[in-house]
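In this note's numbering, the protein residues as written are 79 to 737.
For each residue, glycine too, the CB sits at the ideal point set by N, CA and C.
Computed from a predicted model, the values in this text were never measured in an experiment.
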Amino acid sequence: MRSSLLATTLLLVSAPLAGADTAPLQDPYFAEALYFARQGDYFDAISRLDTELIQHYGVDEPQLDSLHIHINEAEFSVGDIELSYRMHHRAGRAIKAVIEGNVAPEVRNEAIYRLARIYFQKQQSMNALHTIERIEGKIPPRIVNDVTFLKGQIYLAVGRFAEAEGLFASLQGEKSHIGFAGYNLGVSQFSQGKEEEGIESLARAGQVESDDRATLAIRDKANLTLASHLLDSGRLDQARIYFSRVRLDGPYSNRSLLGYGWTYIKQEKYDKALVPWSLLLDRNVTDPAVQDALLGAPFAYGKLELYGKSALLYNRALDSIGIELDRLDSSVKSIKQGNFLKALVREEIKQDPGWMVKLRKLEDAPETYYLMELMASHDFQSSLQNFLDLESLRRKLESWDEYYNSFEEIIEIRRQYYEPLLPTIDDQFRKLDSRIRLRVEQRDRIDSRLQTMLVSPRPEYLITAEERITRNRLDAMAKRMGTRMEEVGDPTVHRIRRLRGLQLWNIATEYDERLTITFKHLTALNLDIDKMKKIYASFVRTRQAATQSYQGYDDQIRRLRNKTRDAMTKVKQLMARQGNMLEVMAVHELEKRRTALEQAQVKARFAMAESYDRATMKQQTPQPEQQLEQQPEQQPEQQPEQQPEQQPDAAESTGSDAQ
Numbered sequence: 079m080r081s082s083l084l085a086t087t088l089l090l091v092s093a094p095l096a097g098a099d100t101a102p103l104q105d106p107y108f109a110e111a112l113y114f115a116r117q118g119d120y121f122d123a124i125s126r127l128d129t130e131l132i133q134h135y136g137v138d139e140p141q142l143d144s145l146h147i148h149i150n151e152a153e154f155s156v157g158d159i160e161l162s163y164r165m166h167h168r169a170g171r172a173i174k175a176v177i178e179g180n181v182a183p184e185v186r187n188e189a190i191y192r193l194a195r196i197y198f199q200k201q202q203s204m205n206a207l208h209t210i211e212r213i214e215g216k217i218p219p220r221i222v223n224d225v226t227f228l229k230g231q232i233y234l235a236v237g238r239f240a241e242a243e244g245l246f247a248s249l250q251g252e253k254s255h256i257g258f259a260g261y262n263l264g265v266s267q268f269s270q271g272k273e274e275e276g277i278e279s280l281a282r283a284g285q286v287e288s289d290d291r292a293t294l295a296i297r298d299k300a301n302l303t304l305a306s307h308l309l310d311s312g313r314l315d316q317a318r319i320y321f322s323r324v325r326l327d328g329p330y331s332n333r334s335l336l337g338y339g340w341t342y343i344k345q346e347k348y349d350k351a352l353v354p355w356s357l358l359l360d361r362n363v364t365d366p367a368v369q370d371a372l373l374g375a376p377f378a379y380g381k382l383e384l385y386g387k388s389a390l391l392y393n394r395a396l397d398s399i400g401i402e403l404d405r406l407d408s409s410v411k412s413i414k415q416g417n418f419l420k421a422l423v424r425e426e427i428k429q430d431p432g433w434m435v436k437l438r439k440l441e442d443a444p445e446t447y448y449l450m451e452l453m454a455s456h457d458f459q460s461s462l463q464n465f466l467d468l469e470s471l472r473r474k475l476e477s478w479d480e481y482y483n484s485f486e487e488i489i490e491i492r493r494q495y496y497e498p499l500l501p502t503i504d505d506q507f508r509k510l511d512s513r514i515r516l517r518v519e520q521r522d523r524i525d526s527r528l529q530t531m532l533v534s535p536r537p538e539y540l541i542t543a544e545e546r547i548t549r550n551r552l553d554a555m556a557k558r559m560g561t562r563m564e565e566v567g568d569p570t571v572h573r574i575r576r577l578r579g580l581q582l583w584n585i586a587t588e589y590d591e592r593l594t595i596t597f598k599h600l601t602a603l604n605l606d607i608d609k610m611k612k613i614y615a616s617f618v619r620t621r622q623a624a625t626q627s628y629q630g631y632d633d634q635i636r637r638l639r640n641k642t643r644d645a646m647t648k649v650k651q652l653m654a655r656q657g658n659m660l661e662v663m664a665v666h667e668l669e670k671r672r673t674a675l676e677q678a679q680v681k682a683r684f685a686m687a688e689s690y691d692r693a694t695m696k697q698q699t700p701q702p703e704q705q706l707e708q709q710p711e712q713q714p715e716q717q718p719e720q721q722p723e724q725q726p727d728a729a730e731s732t733g734s735d736a737q
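1. Please name the residue in Thr293, Pro535, Ala242 whose C-alpha comes closest to that of Gln270.
2. Given a cut-off of 7 Å on the beta-carbon distance, is the pair Ile190 and Arg220 in contact?
3. Over what stretch of residues does the alpha helix (DSSP H) that includes Asn332 continue unbroken?
4. For Asp633, which option in Glu486, Ala674, Met663 has the closest C-alpha, if you only look at C-alpha atoms?
5. By a C-beta neighbour count over all protein chains shown, 10 Å radius and 16 as the cutoff for buried, is Trp340 buried or exposed?
6. Is it right to say Asp397 is buried, meaning 16 or more other beta carbons lie within 10 angstroms of its own, or is it exposed?
7. Measure the C-alpha to C-alpha separation of Asn658 and Ile256 and round it to an integer number of angstroms.
8. Does DSSP put Gln30 in a helix, in a strand, or in coil?
9. Label Ser412 either buried or exposed according to how many other C-beta atoms from any shown protein chain fall within 10 Å of its C-beta, with 16 as the threshold for buried.
10. Tell whether a beta-carbon distance below 7 Å holds between Met686 and Tyr392.
11. Considering just the uninterrupted stretch of the alpha helix (DSSP H) at Asp360, what are its terminal residues?
12. Rounded to a whole number of angstroms, what is the C-alpha to C-alpha distance between Leu359 and Leu302?
13. Roughly how many angstroms separate the alpha carbons of Arg195 and Phe246, rounded to a whole number?
14. In three-state DSSP terms, what is Gln117?
15. Rounded to whole angstroms, what's the CA-CA distance from Tyr481 to Ser470? Just pull it up for me.
16. In whole angstroms, what is the alpha-carbon distance linking Leu384 and Gly374?
17. Using 10 angstroms around the beta-carbon of Ala85, count the other beta-carbons present and answer buried if the total reaches 16, otherwise exposed.
18. Confirm, please, whether the CB-CB distance from Lys344 to Leu314 is below 7 Å.
19. By a C-beta neighbour count over all protein chains shown, 10 Å radius and 16 as the cutoff for buried, is Glu741 buried or exposed?
20. What does a CB cutoff of less than 7 Å around Ala295 pick up in its chain, not counting 5 residues either side in sequence?
21. Any idea what DSSP makes of Arg291, helix, strand or coil?
22. What distance in whole Å lies between the Cβ atoms of Asp479 and Arg639, which are believed to be in contact at a cut-off of 8 Å?
23. Could you compute how far the alpha carbon of Ile277 sits from the alpha carbon of Phe268?
24. For Pro431, which residues in the same chain have their Cβ closer than 6 Å to its Cβ, ignoring the five residues on either side in sequence?
25. Measure how close the beta-carbons of Leu540 and Thr596 come, nearest whole angstrom, since I'm counting them as under 8 Å.
26. Identify, in the order they occur along the chain, each residue of the same chain with its Cβ nearer than 7 Å to the Cβ of Gln198, setting aside the five sequence neighbours on each side.
27. How would you label Gln656, buried or exposed, when you count the other beta carbons within 10 angstroms and need 16 or more for buried?
28. Skipping 5 residues on each side, what residues in its chain have a beta carbon closer than 6 Å to that of Tyr690?
29. For the alpha helix (DSSP H) containing Leu668, list its first residue and its last residue.
30. Can you tell me whether Glu214 is helix, strand or coil according to DSSP?
31. What residues in its chain sit with their C-beta under 7 Å from that of Pro444, if we drop five residues either side in the sequence?
32. Can you list, in chain order, the residues of its chain with a C-beta nearer than 6 Å to that of Lys26? Leave out the 5 residues immediately preceding and following it.
33. Candidates Tyr113, Glu273, Asp105, Asp119: which alpha carbon is nearest Asp467's?
34. For Arg333, count neighbouring C-beta atoms within 10 Å of its own C-beta (all shown protein chains included) and say buried if the count is 16 or more, exposed if not.
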């Protein structure tokens, strides 16, 4: 598994890391950790990077390790990955270690920036302010704009709006923060009472060009924020311009359509208000803006004196609200049965980046249909991510528990394979060991004699095998001749003595040459001995590896299995608590929605009854020509029919409640 991942992440080694040092990555295991981090698998990324750092600091010469040139980046990455995994305390400690170390100013300033970002994300604005103000000297070019933007956000959070305005103004035109800097600039200006300047800044932020989803979303938010402000200020014509700039398929489209309609309502142009609200009526009724439109559209028809249409739309609103109340009841019941948590951890849903939106389409999980707004909130997202991390950890622990069984099976297979082979191998090894020992003893004896001969020459030690055989033959012949060897004139004796003398002469005259050749042969013998020792050592290592591949693992696996099961018990307890918190938050949100729908239902009932009454009265009211003809007869009954003329006030109050 590790080798396949390394093959994949080696692609990262040949290219610079985005947002990191310009030097290409040289350590494949660091690249592997970054690979998991970029996939969002922060648990595996942290575990691998921690392991790599521990091994790096544990070697005798860390400067020779491939991680050495990336050590500062690796320390930063530990903090970033831990921060992404919401391990804020550990992330802060990792980055503080870099700040307090003996590092270059650029490295220190980058560490300070990351620590300030941690504090700001934890909503500790004052700690973030004190931290980021420690930046001094040169800042790495790639984070200069990020530091400025973060400092501006911190100043906004602590109320230093004038300083925040200057920082965001300096980021205008920077592609890295396009839209976001303009939006925050407008917010800082509004906070200082600079209304016209704030309007201008939000207007610019609402017209940025980009294909990025986040930038498009902030552009819509800028337009919606500005339009809502103008609507509240009574500048209705201008408000419509900015409402119309919000995308119809964006996340703020419903609120924009609702506000666009209210700009016409406040100008009493009820027919024009029905255009955007009619679009809302065909949208998802769970959205609060759509629910407001359900009551706003019939209110507008009532103002147009189309009381029949108004009554029908109020009736439609009541039907929709009734259906939604039933669904809310089903949702609360489903949540209490645990279906909500099961839907959140569906693996096939999370494969898509927009998995939260897909939750709306789950027929067997109606509760997810109403909780998009809650699920987008920071508190719920934090709790949800903790729950999802616990679920991911639970699955890992379950898989690890299964791995232990697999490891035991592998170990048993190895034992069954090696144990029958080892006796035969050991027997062959003993024979080899005996030969090696014999050759070593012979080599040592020869070496000892040669070293002695350097001081005290012994030519007889250097005779060849043929010479030794010849000498033995001559000695045997002399022995057979016995007393005849003393006869000087015997030709046989003369020849034997002559051959002995020749042999001794050759040995004596060739002594130096033979000694040199012997040392050469000893050197060659040493090489052979070294080869045999390597074979011996290789066998010992192989023998040990074979036995160690299935021996000594039982206690370790048992200990790890117990630790895993203890961790599983703790994770399940935490999941139960976290899941209960999510369910309580979801039920509370649904109860709020139910209360709002019930209030809207009451208003719709009264408004519908009123519309029916007006429609009936309008039908019963004679036309002007008929009134002239029937005036003498109808005169006594004219007095009570003046009462409905006072009803528009009641209708207006109903419409205001709908707003």
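Checking against the coordinates, here is how it stands:
1. Comparing C-alpha distances from Gln270 to each of Thr293, Pro535, Ala242 shows the shortest one belongs to Ala242.
2. No, the Cβ-Cβ distance between Ile190 and Arg220 is not below 7 Å.
3. 331-343
4. Glu486
5. buried
6. exposed
7. Looking at the two C-alpha atoms, the distance is approximately 40 Å.
8. Absent from the structure is residue 30, since the part of the chain shown begins at 79 and ends at 737.
9. buried
10. yes
11. Note, Asp360: premise wrong, no alpha helix (DSSP H); not H, not E.
12. 20 Å
13. Going by the C-alpha atoms only, they are around 17 Å apart.
14. coil
15. 16 Å
16. Distance between the alpha carbons of Leu384 and Gly374 is about 14 Å.
17. Interpretation of Ala85 is limited by its pLDDT of 35, a score under 50 that renders its predicted location unreliable; no figure is taken from the coordinates.
18. yes
19. Nothing about residue 741 can be reported from this structure: the residues present for the chain run from 79 to 737 only.
20. Gly328, Pro329
21. helix
22. A Cβ-Cβ separation of about 7 Å places Arg639 in contact with Asp479 under the 8 Å criterion.
23. 8 Å
24. In this prediction, Pro431 has a pLDDT of 46, which is less than 50 and means its spatial position is unreliable; what the coordinates show is noted afterwards. Taken in chain order, the list of residues that qualify is empty.
25. 6 Å
26. Strictly speaking, residue 198 in this sequence is Phe, with Gln absent from that position. Hits under 7 Å: Ala206, Leu228, Gln231, Ile232.
27. buried
28. The residues are Ala389.
29. 632-698
30. Reduced to three states, the DSSP call for Glu214 is coil.
31. Any reading at Pro444 must be qualified, since the residue scores a pLDDT of 49, below 50, and its modelled position is unreliable; no value is offered.
32. Shown here, the chain extends from 79 to 737; a query on residue 26 therefore has no answer.
33. Asp119
34. buried
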